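Report on the structure given below.
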Amino acid sequence: MPLGSYAHVHRGVATGANDFFILSRDEARIRGLERHTRPCLVRAAEVITAGGVVRAGKLDHVLLDTGIGANDAALHAYVKEGQRRGAHQRYLCSHRKPWWRVGGSPPPPIVATYMARQAPVFAVNPERCQIVNVFHGIHFREAVDESIVWALTDWLNANRETLLGGRTYQGGLRKFEPADLEAILVPPPHRLCCSE
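Residues in the sequence shown are numbered from 0 upward in steps of one, following numbering that gives the first Met the number 0.
The following block contains the structure:
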């Protein structure tokens, strides 16, 4: 059955100003912004080398999430710095109200790479780290047991070289849009935990 029959796929967050919204953990700590951030996947290598599961503690970057906690002096100072740097005038930021609130889909239970010289790689995201738009997130349409999340990820990785769809560009670059991943044929959820 198509993956899209029980899950939907979304691109990660498009910040419009990664140099403002994505910080190293150290920079967030030094600026007093830790409570306004979420661990964030920013490079495909973080999923490719994760062995099927991403862990927040292994990530070097965080995403500014101004919806977390109360506003404070450190956050106000950083937003003002972003304005001085012109972040609020960038295209995506200038079309958001307020410009510094990124929004987007909630962090997904499964993360997928979608553009590389290889088939997509999948990883469980048990700590629900946020993803930027170099990834796709797989969200289940209805609540499922965590064992289904892990089993689907295992199945996708075990069968990734046989996945059909996407586009191949010059030099062998493969790109899977969200609809391409939703069209992948996968076992029904109840069979995933029982498949051998």
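We put the CB at the ideal spot given by N, CA and C, even for glycine.
The structure presented is a predicted model; accordingly, all values stated were derived computationally and were not measured.
- Using the DSSP secondary-structure output, state which residues sit across from M0 in a beta bridge. M0 pairs with nothing; no bridge assigned.
Assuming L40 and C128 form a contact by the criterion Cβ under 8 Å, report the distance between their Cβ atoms to the nearest whole angstrom.
Their Cβ separation, rounded to whole angstroms, is 6 Å, which keeps L40 and C128 in contact under 8 Å.
Measuring CA to CA, which of R173, I147 and Y168 is closest to R159?
Looking at the Cα atoms, R173 is the closest of the given residues.
* Asked: Is G103 helix, strand or coil when you go by DSSP?
  -> Secondary structure at G103: coil, using DSSP grouped into helix, strand and coil.
Straight-line Cα distance separating T48 from A16
A straight line joining the alpha-carbon of A16 with that of T48 spans about 26 Å.
Q: Identify, in the order they occur along the chain, each residue of the same chain with its Cβ nearer than 8 Å to the Cβ of P1, setting aside the five sequence neighbours on each side.
A: Around P1: E181, A182, I183, L184 and V185.
Handout entry: Euclidean distance between Cα positions of E26 and H189
Key = When rounded, the distance between both Cα atoms is 44 Å.
(message) Buried or exposed, going by whether 16 or more other CB atoms sit within 10 Å of the CB of P105?
(response) When all chains shown are included, P105 counts as exposed.
Is Q169 near the ligand ZN, going by C-beta to nearest heavy atom under 7 Å? Among the components of this structure there are no ligands whatsoever, and the ligand ZN is therefore not found.
Discussion item. For the pair the segment 78-88 and the segment 102-120, tell me if three or more CB-CB distances fall below 8 Å.
Written reply: No, the segment 78-88 is not in contact with the segment 102-120.
Which first and last residues belong to the alpha helix (DSSP H) in which D92 is found? Looking at the sequence provided, one finds Cys at residue 92 rather than Asp. Where C92 is concerned, the enclosing alpha helix (DSSP H) stretches over Y90 to S93.
Curious, which full-length beta strand (DSSP E) runs of at least 3 residues does the segment 114-174 contain? You should have 121-123 and 134-139.
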